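Peer 1: Residue numbers (our numbering): 6 to 294. Structure below; questions to follow.
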């Protein structure tokens with residue numbers, strides 16, 4: 006995805022608020038200077054949003070550790086909140102007439118679990134809408150495209166996770182992919198990285214035993230050209246990509262390298278809403294070739 010005009014201001018605000026909240030005024034000023042320098046050098050309407058994010062976070066990496074404490078307190082509670090619903094979610098998925106219906110349900114729950122705010126989280130993530138769907142109070146998101154048909158033909162899936170907590174619902178999708186006979190590589194963040202899922206969060210939900218491989222993305226968001234050789238090769242060898250959350254949508258939208266990409270997320274801002282052709286605030290389960 007290419008940056009819209011407002012994306013530049015949003016990126017600065019996103020990084021500044023998440024990194025600078027616990028710092029002194031002098032350090033906050035230093036962060037603003039570093040971010041401004043990045044934008045002055047990198048500003049290009051044709052650049053990929055994932056690259057912009059990585060450049061921005063990289064510029065203030067020295068301050069990242071200082072801000073990680075608050076997230077490390079919230080993430081375990083988010084995992085626990087998701088874990089309380091996993092067995093109910095499994096029963097909801099299994100209560101289906103066909104394998105295709107099971108996959109649609111799992112992807113719908115995974116998409117609806119993408120509730121992390123664009124701003125700084127102030128409390129652990131709750132998954133009340135997931136519970137409402139399980140209880141039949143609200144419908145699942147309607148998929149755009151034959152997501153089961155695409156998944157059932159896939160042999161090597163590259164699944165890019167987003168946040169702690171919601172990665173528990175990603176595990177349900179990955180379990181079904183494995184039953185279809187696919188090899189699944191899961192990409193998480195090398196911590197600490199805000200509220201994003203790391204290897205520790207993946208282990209909490211047993212994903213090291215479910216997926217064929219779990220790799221950590223160093224330095225920010227996964228971008229194919231800006232990662233280590235092992236992850237780059239796993240992506241290159243994949244024939245199907247599942248992209249979770251806003252940041253990964255911004256990487257892969259229009260940038261799938263000829264692969265089929267399944268997007269699972271909430272449209273949390275105007276630019277993503279426009280790119281996904283979905284009203285802002287709606288959940289997205291969308292297949293793109």
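Heads up, the beta-carbon is just placed ideally off N, CA and C, and yes, glycines get one too. This structure is a prediction, so every number in the text was calculated from the model and none was measured.
Can you give the Cα-Cα distance for residue 192 and residue 256, rounded to whole angstroms?
Peer 2: Working through the chain shown from its first residue, we reach residue 192 at position 187. Working through the chain shown from its first residue, we reach residue 256 at position 251. For residue 192 and residue 256, the distance between alpha carbons rounds to 14 Å.
Peer 1: Extract the residue ranges of the beta strand (DSSP E) inside the region 207–234, only unbroken runs of 3 or more that lie entirely within it.
Peer 2: You should have 218–222.
Peer 1: Counting only runs of 4+ residues fully inside the region 49–107, write out the alpha helix (DSSP H) ranges in chain order.
Peer 2: Listed in chain order, the complete alpha helix (DSSP H) runs (minimum 4 residues) inside the region 49–107 are 54–64, 66–99.
Peer 1: Okay, do the region 134–142 and the region 182–201 touch, 3+ Cβ pairs below 8 Å being the bar?
Peer 2: Because the criterion of three Cβ pairs below 8 Å is not met, the region 134–142 and the region 182–201 do not touch.
Peer 1: In chain order, which alpha helix (DSSP H) runs of at least 4 residues are fully inside the region 97–157?
Peer 2: List check, alpha helix (DSSP H) in window: 104–117, 133–139.
Peer 1: Given a threshold of 16 other Cβ atoms within 10 Å of its Cβ, counted over all protein chains shown, does residue 6 qualify as buried or as exposed?
Peer 2: Numbered from its first residue, the chain shown carries residue 6 at position 1. When all chains shown are included, residue 6 counts as buried.
Peer 1: Entirely within the region 231–280 and at least 3 residues each: give me those beta strand (DSSP E) ranges in chain order.
Peer 2: As far as the region 231–280 is concerned, its whole beta strand (DSSP E) runs of at least 3 residues are 245–249, 265–271.
Peer 1: May I have the straight-line CA-CA distance separating residue 168 from residue 202, to the nearest angstrom?
Peer 2: Along the chain shown, read from residue 1 onward, the residue named residue 168 stands at position 163. Along the chain shown, read from residue 1 onward, the residue named residue 202 stands at position 197. Approximately 5 Å, taken between the alpha carbons.
Peer 1: Find the nearest neighbour of residue 122 within the set 208, 22, 155, 58, judged by alpha-carbon distance.
Peer 2: To locate residue 122, count along the chain shown from 1; it is residue 117. Closest option to residue 122, Cα to Cα, is 22.
Peer 1: What's the C-alpha gap between residue 237 and residue 111?
Peer 2: The sequence position of residue 237 within the chain shown is 232, counting from 1. The sequence position of residue 111 within the chain shown is 106, counting from 1. When rounded, the distance between both Cα atoms is 27 Å.
Peer 1: Near residue 190, what residues of its chain come up, given a Cβ to Cβ distance below 6 Å and the 5 sequence neighbours on each side ignored?
Peer 2: The residue you call residue 190 lines up with position 185 of the chain shown. So the list reads 163, 218, 239, once near-sequence residues are dropped.
Peer 1: Given a cut-off of 7 Å, decide if residue 87 and residue 132 are closer than it, judged by their beta-carbon atoms.
Peer 2: The residue given as residue 132 occupies position 127 in the chain shown. The residue given as residue 87 occupies position 82 in the chain shown. Contact: yes.
Peer 1: With which residues is residue 291 paired in a DSSP beta bridge?
Peer 2: For the purposes of this step, residue 291 is taken as the residue at position 286 of the chain shown. Paired residues: 149, 268.
Peer 1: Per DSSP, which one or two residues make a beta bridge with residue 191?
Peer 2: The residue you call residue 191 lines up with position 186 of the chain shown. Residue 191 pairs with 164, 219.
Peer 1: Are residue 105 and residue 290 touching if we call contact CB-CB under 7 Å?
Peer 2: To locate residue 105, count along the chain shown from 1; it is residue 100. To locate residue 290, count along the chain shown from 1; it is residue 285. No, the Cβ-Cβ distance between residue 105 and residue 290 is not below 7 Å.
Peer 1: Can you name the residues that DSSP bridges to residue 203?
Peer 2: By one-based count along the chain shown, residue 203 stands at place 198. Note: residue 203 sits in a beta bridge opposite 194.
Peer 1: Counting beta carbon pairs with one atom in the region 169–176 and one in the region 197–213, are three or more of them shorter than 8 Å?
Peer 2: The region 197–213, when compared against the region 169–176, does touch it at the 8 Å Cβ threshold.
Peer 1: Could you check whether residue 269 and residue 155 sit closer than 7 Å to each other, using their CB atoms as the reference points?
Peer 2: Reading the chain shown from its first residue, position 150 is the one you call residue 155. Reading the chain shown from its first residue, position 264 is the one you call residue 269. Cβ distance not < 7 Å, so residue 155 and residue 269 don't count as in contact.
Peer 1: Closest to residue 93 by C-alpha separation, out of 8, 28, 140, 250, would be which residue?
Peer 2: The residue labelled residue 93 in the question sits at position 88 within the chain shown. With distances taken between Cα atoms, residue 93 lies closest to 140.
Peer 1: For residue 53, I'd like the list of residues in its chain whose CB is within less than 8 Å of its CB, leaving aside the five on either flank, ordered along the chain.
Peer 2: Against the chain shown, residue 53 aligns to sequence position 48. If we look at residue 53 and ignore the five residues flanking it on each side, its Cβ neighbours are 6, 7, 228, 255, 256, 260.
Peer 1: Exposed or buried, what is residue 231 when buried is set at 16 or more other beta-carbons lying within 10 Å of its beta-carbon?
Peer 2: Here residue 231 corresponds to residue number 226 of the chain shown, with the count starting at 1. That one is buried.
Peer 1: So what's residue 171 in DSSP terms, helix, strand or just coil?
Peer 2: Within the chain shown, the letter at position 166 stands for residue 171. Three-state result, residue 171: coil.
Peer 1: Along the chain, where does the alpha helix (DSSP H) containing residue 35 start, and where does it finish?
Peer 2: Locating residue 35 in the chain shown gives position 30, counting from the first residue. Run containing residue 35: 30–47, per the alpha helix (DSSP H) assignment.
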